[in-house]
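Quick notes on the structure that follows.
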Amino acid sequence: MTQGTPVGEESASDALPEGTVDAVVIGGGAAGLNGALMLARSRRSVVVIDSGSPRNAPAEAVHGLLALDGTPPSEILRRGREQVRQYGGRVVHDEVVSAEPAAPSADGDLRFSVTLADGRSITARRILVATGLRDVLPEVPGLAEHWGHSVVHCPYCHGWEVRDEPIGVLATGPASIGPAFLFRQLTEDLIYFTHGTDLDEDSRARFAARSIRVIDTPVTEIVNDQDGAIAGVRLADGQVVDRRILAVVPQTQARTQGLEGLGLPLQDLPNIGRGFASGPAGTTEVPGVWVAGNVTDPVAQVGASAAAGALAGIDINKMLATADTDAALRAMAEVSPS
Ligand SMILES: Cc1cc2nc3c(=O)[nH]c(=O)nc-3n(C[C@H](O)[C@H](O)[C@H](O)COP(=O)(O)OP(=O)(O)OC[C@H]3O[C@@H](n4cnc5c(N)ncnc54)[C@H](O)[C@@H]3O)c2cc1C
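Written out as structure tokens, the structure reads:
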């Protein structure tokens, strides 16, 4: 079963509620589902809208996650959806194509309108954006087909699995230098392909001290063996350098499409990409909108993304409790002005 291909429970999509819900969570990965779990357990009406393509879909298993190490990503999300539903939360399989502030309620509470790809829409008091990011690989023929398997980005996600292999770091910029030392921790056979990026003398000396070879000739393609596994990389001079694994630091692009109407500011994340700016507990400059997970923090792994979603869910519940109490006070004052 591949991620995003509905089978069994995967195909179950809850009905979109009528009227206004306490919160719509846009994106049902680790961040969005944990936010929704907190809200549902606080008896908030919450709907997760998820288009079903989480970032780690190509990976066979999630690693480095306490108690769940080795569990397939699809299984973690399946359990997450089940748990959200257990407390009355709903999970709708669809894509949000627009989200924007709407007219406030009669008592002045915030409202947002969220429209789905199939044309349906829903009104929410608060929004949690947890849409994740896209990894953009360098354009080297043959590279993308191995993404998440023999082309890896994170020594903590798949480092142990590729230990002792001949690994090549295909540099994308200065952000590739640091991870090279982390992959060196996992193999003694490491080559750093500068691939047209700068490598300063100090880093060259440090690489040499750790027996990391450097090749400056650009890589032109990834070469496969008869079984389709990586056999090596071809250089611009025609030489093929044997490698089984390639480590790449991709550019990251926060998944912001369709969310422009919320007016969330973006921030640059040096050498990595751009994401939605956020403050404590995922708060944003836009009242009533929170963000969590990779859409604001590209280096957050599954555990950190889930934790960020949980914190945002807790904060949303707190703000809703304040809004509910303010509204109750105003209602009391109207009934008995004295
Ligand atoms: C190959 C690979 C392997 C990895 N392995 C590990 C690992 O072993 N351990 C680890 O801890 N981390 C791992 N990670 C990192 C992990 O993928 C992220 O930490 C995690 O996915 C972030 O969770 P998230 O909820 O922020 O985003 P995601 O998991 O990407 O979820 C976002 C969800 O939002 C949905 N969405 C996006 N836009 C919309 C929209 N407009 N409307 C509705 N839904 C939308 C998407 O379809 C997706 O389901 C790996 C990453 C990659 C690329």
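In my numbering, the protein residues as written are 584 to 921. Don't be surprised by glycine CBs; every beta carbon is placed ideally from N, CA and C. Predicted, not measured: the structure shown is a model, and the values here were computed from it.
**Report entry** the region 697-709 / the region 856-865 touching (three or more Cβ pairs under 8 Å)
**Finding:** no
Cβ atoms of valine 679 and glycine 664: under 7 Å apart, would you say? Note on residue identity: the sequence assigns arginine, not glycine, to residue 664. Contact flag unset, no.
| Cβ-based burial, proline 589 [other Cβ within 10 Å; buried from 16] | Residue placement at proline 589 cannot be trusted, given a pLDDT of 41 that sits under 50; what the coordinates show is reported in the next sentence. It counts as exposed.
Q: Specify the secondary structure class of glutamate 601 as computed by DSSP and reduced to three states.
A: coil
What would DSSP say about aspartate 785, mapped onto helix, strand or coil? When secondary structure is reduced to three states using DSSP, aspartate 785 falls in the helix class.
- Query: Do you know how far the Cα of isoleucine 813 is from the Cα of asparagine 807?
  - Reply: 4 Å
Spatial neighbours of isoleucine 795 within its chain, please: C-beta separation below 7 Å, excluding the five flanking residues on both sides. Ala763, Arg767, Leu773 and Tyr775
Boundaries (first-last residue) of the alpha helix (DSSP H) holding glutamate 658 | 656-669
On the CB-based measure, 16 or more other CB atoms within 10 Å of its CB, does tryptophan 873 come out buried or exposed? buried
- prompt: For methionine 621, is the classification buried or exposed, using 16 other Cβ atoms within 10 angstroms of its Cβ as the cut-off for buried?
  reply: buried
Is it true that the CB of arginine 717 sits closer than 7 Å to the CB of glutamine 809? no
In or out: methionine 584 buried (at least 16 other Cβ within 10 Å) or exposed? Because the pLDDT at methionine 584 is just 32, under 50, the model does not fix this residue reliably, and the value given afterwards should be weighed accordingly. The residue is exposed, with fewer than 16 neighbouring Cβ atoms inside 10 Å.
Pairing CB atoms from the region 821-829 with CB atoms from the region 840-849, are three or more of them under 8 Å? no
request  = Could you check if valine 882 is buried or exposed, using at least 16 other CB atoms within 10 Å of its CB as the buried criterion?
outcome  = The residue in question, valine 882, is exposed, as its Cβ has fewer than 16 Cβ neighbours within 10 Å.
Exercise for the section: Would you check if there are 3 or more beta carbon pairs closer than 8 Å linking the region 725-744 to the region 638-653? Expected result: Yes, the region 725-744 touches the region 638-653.
Quick one: is alanine 830 buried, meaning 16 or more other Cβ sit within 10 Å of its Cβ, or exposed? buried
Using C-beta distances below 6 Å, list every residue in its chain close to leucine 765, excluding the 5 sequence neighbours before and after it, in chain order.
Exclusion of the five residues before and after leucine 765 leaves Pro738 as the residues of its chain whose Cβ lies within less than 6 Å of its Cβ.
- Item | Enclosing beta strand (DSSP E) for isoleucine 897 [first to last residue] | Looking at the DSSP string, isoleucine 897 is not in any beta strand (DSSP E); the run it does join, the alpha helix (DSSP H), is 885-918.
query = Is alanine 606 helix, strand or coil when you go by DSSP?
reply = Alanine 606: strand per DSSP, three-state reduction.
Which residues does DSSP pair with tyrosine 775 in a beta bridge? Partner residues in the beta bridge of tyrosine 775, as assigned by DSSP, are Val752 and Val797.
Ligand 1 and aspartate 633: does the residue's C-beta get closer than 6 Å to at least one heavy atom of that ligand? yes
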